[in-house]
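A quick write-up on the structure given underneath.
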DNA sequence: TATTGTTATACTCTATAACTATA
DNA sequence: TATAGTTATAGAGTATAACAATA
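Chains as they are written, first to last, in my numbering: chain A, 69 to 248; chain B, 69 to 248.
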């Protein structure tokens, strides 16, 4: 999707609007410019780096995630929060922040949005009046079941080139990298 | 690193300043709050997802990258651009954008900054007067050699938990995920 | 004194529109 | 008409400071 544009009768001020998917580290080699094309840029060294490959693979999976989760209007972080609440009823914001490495100020809006959508509820914490226990509503539970199924299916779709054993090996090796 | 703060004699307006490293998808489980701590949040399902693990691993490697590359003042994207120019003398901005999946408007500032630092030069393109061929300066070549060596060493450091064979397997499997 | 949740806000990253010169 | 490079800028993501209520 090129950035070129055809002349427009009326000149609007300038500025963006939507969003899409892109990055600033990887290489896709196919931003699609036109019919004939064969620049042949050598990126072989970068392709030996684990960080480069891990990031490209992650973004590929995440791009598919975004497409498949679009019907539920869930970004990866939203799904992660929903999942943590689903599997840890009564969990506090502070715990979610620690588990998902989200800074508290940045979680506030997400929780607020999920609450506004009727997916999660806040209940008074049993022992700490500062905190609030988070729970899924029935609608939240229904959505989460669908979303988790989609995430699991998506897993297979994203790794069609891999056997089940290879996927298991890949997951294990990735964990070895980030596990302290 | 908690976000709490001790009362300050004089109330300043409010606002941020520096930067650090954080994210909004993964889980580190150690934002460090204090001495006693054992919230025990279950994230086991998320840890079965390839996207989650790939992203965590990528961020772990990138965090190390940022530390090791700090002396050279190179972000991953700067290193990638420098590497592509080093391995493809005379490459155009358009080609870099395609190879690294950077949008042209976002590359402009990077190239400008690298040029201002005396690391890259622009030369008139031999056949297309619209384009400019990018080349490393001598200083750019020197810096790139150091940076590439650092990146290669960093690879080993980031994968201490893996054997050489495992690292090779991991890289191969990651490529299988994003290679179309 | 320290922590939970919050508001305000700034810096970075990513994305779109539109322009100029050239093809 | 289409492309290379560019400017301007919007919007998302990520970071810090500081506060009130509570521990």
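Every residue, glycine too, gets a C-beta built ideally from N, C-alpha and C.
Every value quoted in this text rests on a predicted model; they were computed, and no experiment measured them.
Rounded to the nearest angstrom, what separates residue i and residue j at their Cα positions?
i: residue 130/B; j: residue 212/B; result: 18 Å
i: residue 240/A; j: residue 147/A; result: 22 Å
i: residue 246/B; j: residue 220/A; result: 18 Å
i: residue 199/B; j: residue 108/A; result: 16 Å
i: residue 181/A; j: residue 140/A; result: 14 Å
i: residue 203/B; j: residue 242/B; result: 31 Å
i: residue 192/A; j: residue 149/B; result: 51 Å
i: residue 231/B; j: residue 218/B; result: 20 Å
i: residue 244/B; j: residue 196/A; result: 48 Å
i: residue 162/A; j: residue 190/B; result: 50 Å
i: residue 210/A; j: residue 157/B; result: 55 Å
i: residue 136/B; j: residue 160/A; result: 35 Å
i: residue 225/A; j: residue 179/A; result: 30 Å
i: residue 248/A; j: residue 171/A; result: 21 Å
i: residue 194/A; j: residue 134/B; result: 42 Å
i: residue 205/B; j: residue 233/B; result: 37 Å
i: residue 138/B; j: residue 138/A; result: 38 Å
What do you get for residue i, buried or exposed, if any count of 16 or more other CB atoms within 10 angstroms of its CB means buried?
i: residue 144/A; result: buried
i: residue 174/B; result: exposed
i: residue 112/A; result: exposed
i: residue 186/B; result: exposed
i: residue 168/B; result: buried
i: residue 125/B; result: buried
i: residue 116/B; result: exposed
Going by the beta-carbon positions, is the gap between residue i and residue j smaller than 8 Å?
i: residue 227/B; j: residue 118/A; result: yes
i: residue 122/A; j: residue 166/B; result: no
i: residue 132/A; j: residue 222/A; result: yes
i: residue 188/B; j: residue 201/B; result: no
i: residue 176/A; j: residue 164/A; result: no
i: residue 110/A; j: residue 183/B; result: no
i: residue 229/B; j: residue 142/B; result: no
i: residue 114/B; j: residue 120/B; result: yes
Taking the beta strand (DSSP E) that residue i belongs to, which residues open and close that run?
i: residue 164/B; result: Premise fails: residue 164/B lies in the alpha helix (DSSP H), 161-168, not in any beta strand (DSSP E).
i: residue 190/A; result: 188-192
Between which two residues does the alpha helix (DSSP H) harbouring residue i extend?
i: residue 208/B; result: 206-226
i: residue 18/B; result: The first residue shown for chain B is 69 and the last is 248, placing residue 18/B beyond what the model contains.
i: residue 41/A; result: With chain A covering only 69 through 248, there is no way to say anything about residue 41/A.
i: residue 120/B; result: 118-137
i: residue 152/A; result: 144-155
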